[in-house]
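Heads up: the structure comes next, in structure tokens.
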Amino acid sequence: MLLGASLLGVLLFSKLVLKLPWTQVAFSLLLLYLGSGGWRFVRIFIKTIRRDVFGGLVLLKVKAKVRRYLRQRRTVPILFASTVQRHPNKTALIFEGTDTHWTFRQLDDFSSSVANFLQARGLASGDVAALFMENRNEFVGLWLGMAKLGVEAALINTNLRRDALRHCLTTSRARALIFGSEMAPAVFEIHASLDPSISLFCSGPWDPSLVPASTEHLDPLLEDAPKHLPSRPDKGFTDKLFYIYTSGTTGLPKAAIVVHSRYYRMAALVYYGFRMRPDDIVYDCLPLYHSAGNIVGIGQCLLHGMTVVIRKKFSASRFWDDCIKYNCTIVQYIGELCRYLLNQPPREVEKRHQVRMALGNGLRQSIWTEFSGRFNIPQVAEFYGATECNCSLGNFDSQVGACGFNSRILSFVYPIRLVRVNEDTMELIRGPNGVCLPCQPGEPGQLVGRIIQQDPLRRFDGYLNQGANNKKIAKDVFSKGDQAYLTGTEGRAGMAAVANPTGSCDLEHFAQLLEKELPLYARPIFLRLMPELHKTGTFKLQKTELRKEGFDPATVKDPLFYLDARKGRYLPLDQEAYTRIQAGVEKL
80 MLLGASLLGV
90 LLFSKLVLKL
100 PWTQVAFSLL
110 LLYLGSGGWR
120 FVRIFIKTIR
130 RDVFGGLVLL
140 KVKAKVRRYL
150 RQRRTVPILF
160 ASTVQRHPNK
170 TALIFEGTDT
180 HWTFRQLDDF
190 SSSVANFLQA
200 RGLASGDVAA
210 LFMENRNEFV
220 GLWLGMAKLG
230 VEAALINTNL
240 RRDALRHCLT
250 TSRARALIFG
260 SEMAPAVFEI
270 HASLDPSISL
280 FCSGPWDPSL
290 VPASTEHLDP
300 LLEDAPKHLP
310 SRPDKGFTDK
320 LFYIYTSGTT
330 GLPKAAIVVH
340 SRYYRMAALV
350 YYGFRMRPDD
360 IVYDCLPLYH
370 SAGNIVGIGQ
380 CLLHGMTVVI
390 RKKFSASRFW
400 DDCIKYNCTI
410 VQYIGELCRY
420 LLNQPPREVE
430 KRHQVRMALG
440 NGLRQSIWTE
450 FSGRFNIPQV
460 AEFYGATECN
470 CSLGNFDSQV
480 GACGFNSRIL
490 SFVYPIRLVR
500 VNEDTMELIR
510 GPNGVCLPCQ
520 PGEPGQLVGR
530 IIQQDPLRRF
540 DGYLNQGANN
550 KKIAKDVFSK
560 GDQAYLTGTE
570 GRAGMAAVAN
580 PTGSCDLEHF
590 AQLLEKELPL
600 YARPIFLRLM
610 PELHKTGTFK
620 LQKTELRKEG
630 FDPATVKDPL
640 FYLDARKGRY
650 LPLDQEAYTR
660 IQAGVEKL
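The letter at position 302 of the sequence shown is residue 381 when you use the numbering used here, and the numbering goes up by one with no holes.
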């Protein structure tokens with residue numbers, strides 16, 4: 080503001096008092112601006128204007144399309160119908176496990192059979208059906224068929240068991256549960272405590288002795304169902320599409336609401352932002368019950384006509400063989416998947432593929448260049464986002480180590496910001512006016528996105544649980560009276576400090592209990608056994624120092640252990656094991 084006032088003063092003095100020509104006035108203002116630090120903005124402008132303009136155009140294009148689809152009441156099934164019309168005989172999905180190829184017409188027919196079958200069983204628009212199944216073509220056809228009828232799919236994480244699984248089914252108010260035969264033991268564990276009105280259907284190899292007595296075999300029932308689109312009152316684009324359960328490390332899973340516009344927005348931002356093509360073939364080995372696999376990946380098939388290769392689970396040893404076999408041009412990754420690939424012994428086939436892009440999030444800067452160089456991948460399309468968030472980011476210019484950018488010159492186009500937080504409590508730090516304080520370049524903070532419900536790119540659809548919504552929304556963030564979404568620190572459990580005053584903790588029994596009650600992502604990778612847990616003067620656990628000390632046995636004198644996922648046991652963490660973990664040799 081001070082610089083602006085100075086420039087205005089020079090302008091008035093030069094023109095009104097000295098009566099200089101406009102060319103000299105402009106030159107004087109330029110010199111003053113540069114001399115007062117304005118050269119920094121000029122430098123930023125030159126370095127980022129091309130990237131920022133491209134990102135802005137992508138946002139405007141996607142926003143315009145979403146607004147048009149909302150106005151025309153076009154749902155994901157309606158958009159998929161347009162894709163089917165364009166190329167009905169093109170391969171839509173390939174399931175690597177059985178080498179099953181489905182054309183767009185076959186996927187359309189299967190999903191219509193699902194819709195007609197559920198309609199015949201009394202389900203209608205607004206009802207909920209849960210889907211509990213490992214990756215395969217049928218997974219996509221089932222939730223798409225539900226969407227054609229207006230039935231909302233609750234996509235259940237296949238790692239969930241017992242209380243967590245029961246919680247998801249209960250809170251979603253599902254009227255039906257469709258599960259893969261591979262999930263039958265998990266369903267058998269809880270079926271006695273479920274509402275008896277829930278209909279159970281099993282898809283896959285049929286063995287009536289392994290499923291609850293009330294279960295019906297779905298596959299032959301779908302074969303007999305009509306393959307035409309059922310008639311139903313269409314409530315429009317704002318209908319809920321499905322629920323995705325976020326994997327918070329504390330408490331029970333939360334059902335994030337995905338509406339049709341959110342599904343399209345997420346898939347389209349990736350498609351246009353990273354310059355994908357309709358003839359690309361995507362290798363998708365990520366879980367389809369999460370947004371990365373089912374929206375970012377499968378969305379390119381349903382909305383943009385790409386072929387997607389589905390793998391049941393990620394395999395580091397088979398990854399490049401699959402890419403070569405199916406001529407994949409785009410591969411998806413998440414988290415440490417890229418490190419697992421780098422840990423594989425070098426093979427000649429890892430450079431014989433046609434992959435031009437690796438798409439995902441969580442690629443660490445320390446292995447970024449090694450990953451793209453060793454496997455000869457021209458573009459790493461890293462992005463940041465969560466199922467429910469309104470502040471996704473994309474690394475559109477392939478900047479090594481970046482998950483995206485926040486424009487310094489066009490910040491008004493996409494109102495997101497890193498704000499300061501208290502590292503101990505994660506509470507927002509506010510200035511004298513009550514508004515959150517922005518972070519300076521290089522300063523860590525929490526990402527927030529301003530909520531504007533009328534804007535299809537800024538809206539927050541939230542969770543089924545209103546209490547969960549309240550925890551993710553803050554007021555007076557950018558300015559007084561506004562609301563913003565808080566991205567938080569949720570994710571996989573890292574380390575747990577356990578009070579063990581008697582030294583009698585049975586780690587084998589402890590690991591068995593965790594395996595029964597918690598999904599893998601919620602089990603702590605590292606354990607620190609302490610005589611007691613220290614607290615602050617206000618009786619809060621002192622977590623900051625524990626986080627700083629981490630799991631280095633050279634620093635921590637308490638007994639340390641790490642979870643061997645293959646053995647399902649906690650093993651002593653000595654210096655040798657620590658070195659293997661740091662080198663990425665030990666798979667966690």
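Using N, Cα and C, we set each Cβ at its ideal position, and we do this for glycine too.
Extent of the continuous beta strand (DSSP E) run through residue i
{"i": "Arg496", "result": "495-498"}
{"i": "Gly220", "result": "First-last for Gly220: 216-228, but that is the alpha helix (DSSP H), not the beta strand (DSSP E)."}
{"i": "Glu655", "result": "Not the beta strand (DSSP E): Glu655 falls in the alpha helix (DSSP H), residues 654-661."}
{"i": "Lys333", "result": "333-338"}
{"i": "Asp400", "result": "Looking at the DSSP string, Asp400 is not in any beta strand (DSSP E); the run it does join, the alpha helix (DSSP H), is 398-404."}
{"i": "Leu234", "result": "231-234"}
Beta carbon of residue i nearer than 8 Å to that of residue j
{"i": "Ile456", "j": "Cys407", "result": "no"}
{"i": "Ser191", "j": "Lys169", "result": "no"}
{"i": "Val527", "j": "Tyr564", "result": "yes"}
{"i": "Asp363", "j": "Gln411", "result": "yes"}
{"i": "Pro167", "j": "Phe189", "result": "no"}
{"i": "Asn216", "j": "Ala304", "result": "no"}
{"i": "Gly352", "j": "Gly473", "result": "yes"}
{"i": "Ile675", "j": "Cys470", "result": "Nothing can be reported for residue 675, as the shown portion of the chain is limited to 80 through 667."}
{"i": "Lys333", "j": "Ala547", "result": "yes"}
{"i": "Met609", "j": "Asp637", "result": "yes"}
{"i": "Leu248", "j": "Phe321", "result": "no"}
{"i": "Asn52", "j": "Glu461", "result": "Because the chain spans 80 through 667 in this model, residue 52 falls outside it and cannot be assessed."}
{"i": "Ser278", "j": "Arg150", "result": "no"}
{"i": "Arg252", "j": "Ile269", "result": "no"}
{"i": "Glu611", "j": "Ala578", "result": "yes"}
{"i": "Phe218", "j": "Met212", "result": "yes"}
{"i": "Asn672", "j": "Pro366", "result": "This structure gives no information on residue 672, because the portion of the chain shown stretches from 80 to 667."}
{"i": "Thr623", "j": "Ala465", "result": "no"}
{"i": "Ile323", "j": "Val337", "result": "yes"}
{"i": "Asp401", "j": "Arg390", "result": "yes"}
{"i": "Met262", "j": "Thr237", "result": "yes"}
{"i": "Arg146", "j": "Pro535", "result": "yes"}
Sequence-distant residues of the same chain with beta carbon closer than 6 Å to residue i, five excluded per side
{"i": "Val266", "result": "Phe258"}
{"i": "Arg538", "result": "Gln532"}
{"i": "Ala395", "result": "Tyr419, Leu420, Gln423"}
{"i": "Val556", "result": "Cys515, Val527, Ala563"}
{"i": "Met80", "result": "Reliability fails at Met80, whose pLDDT of 47 lies under 50, so the model's placement of it is uncertain and the value that follows must be treated cautiously. Nothing meets the Cβ criterion."}
{"i": "Ile552", "result": "Gln562"}
Beta-carbon contacts of residue i that lie in its chain and below 7 Å, excluding the five residues immediately before and after
{"i": "Arg659", "result": "Glu665"}
{"i": "Gly315", "result": "Note on Gly315: pLDDT 46, under 50, position unreliable in the model; no value is reported."}
{"i": "Gly647", "result": "Ala590, Glu594"}
{"i": "Gly524", "result": "Leu497, Val498, Arg499, Val500, Cys518"}
{"i": "Asp298", "result": "Ser282"}
{"i": "Leu221", "result": "Val193, Leu210, Ile257"}
{"i": "Ala662", "result": "none"}
{"i": "Ile374", "result": "Tyr342, Met345, Ala346"}
{"i": "Val479", "result": "Gln444, Trp447, Thr448"}
Range of the contiguous alpha helix (DSSP H) that encloses residue i
{"i": "Leu251", "result": "The sequence given here has Ser at residue 251, not Leu. Residues 241-251."}
{"i": "Glu596", "result": "586-596"}
{"i": "Trp447", "result": "444-453"}
{"i": "Phe267", "result": "263-269"}
{"i": "Val163", "result": "155-165"}
{"i": "Arg418", "result": "416-421"}
Bridge partner(s) assigned by DSSP for residue i
{"i": "Ser278", "result": "Ala255"}
{"i": "Gln411", "result": "Leu438"}
{"i": "Tyr351", "result": "In the DSSP output, where bridge partners are listed per residue, Tyr351 has none listed."}
{"i": "Asp188", "result": "DSSP lists no partner for Asp188."}
{"i": "Tyr362", "result": "Val388, Val410"}
{"i": "Tyr324", "result": "Ala334"}
{"i": "Gln458", "result": "Met436"}
{"i": "Ala26", "result": "Residue 26 falls outside the range modelled here, since the chain spans only 80 to 667, and no answer is possible."}
{"i": "Phe174", "result": "Thr179, Ile389"}
{"i": "Asp643", "result": "Arg648"}
Same chain, Cβ closer than 8 Å to residue i, five either side skipped, listed in chain order
{"i": "Asp643", "result": "Tyr649, Leu650"}
{"i": "Leu197", "result": "Ala208, Gly224, Met225, Leu228, Val230, Ala255"}
- Is it a yes or a no for the stretch 380-387 touching the stretch 333-349, going by three-plus beta-carbon pairs under 8 Å? Touching, yes, given that three or more Cβ pairs across the two stretches are closer than 8 Å.
- Message: With a threshold of 8 Å, are at least 3 pairs of Cβ atoms found where one atom belongs to the stretch 207-215 and the other to the stretch 245-265?
- Response: Cβ pair count under 8 Å is three or more, so yes.
- Cβ pair count under 8 Å reaching 3, the stretch 276-291 against the stretch 237-246: In this structure the stretch 276-291 does not lie against the stretch 237-246, because fewer than three pairs of beta carbons, one per stretch, are closer than 8 Å.
- Is the number of C-beta pairs between the stretch 497-510 and the stretch 423-436 that are closer than 8 Å three or more? As far as the Cβ criterion goes, the stretch 497-510 does not touch the stretch 423-436, which means the pair count is below three.
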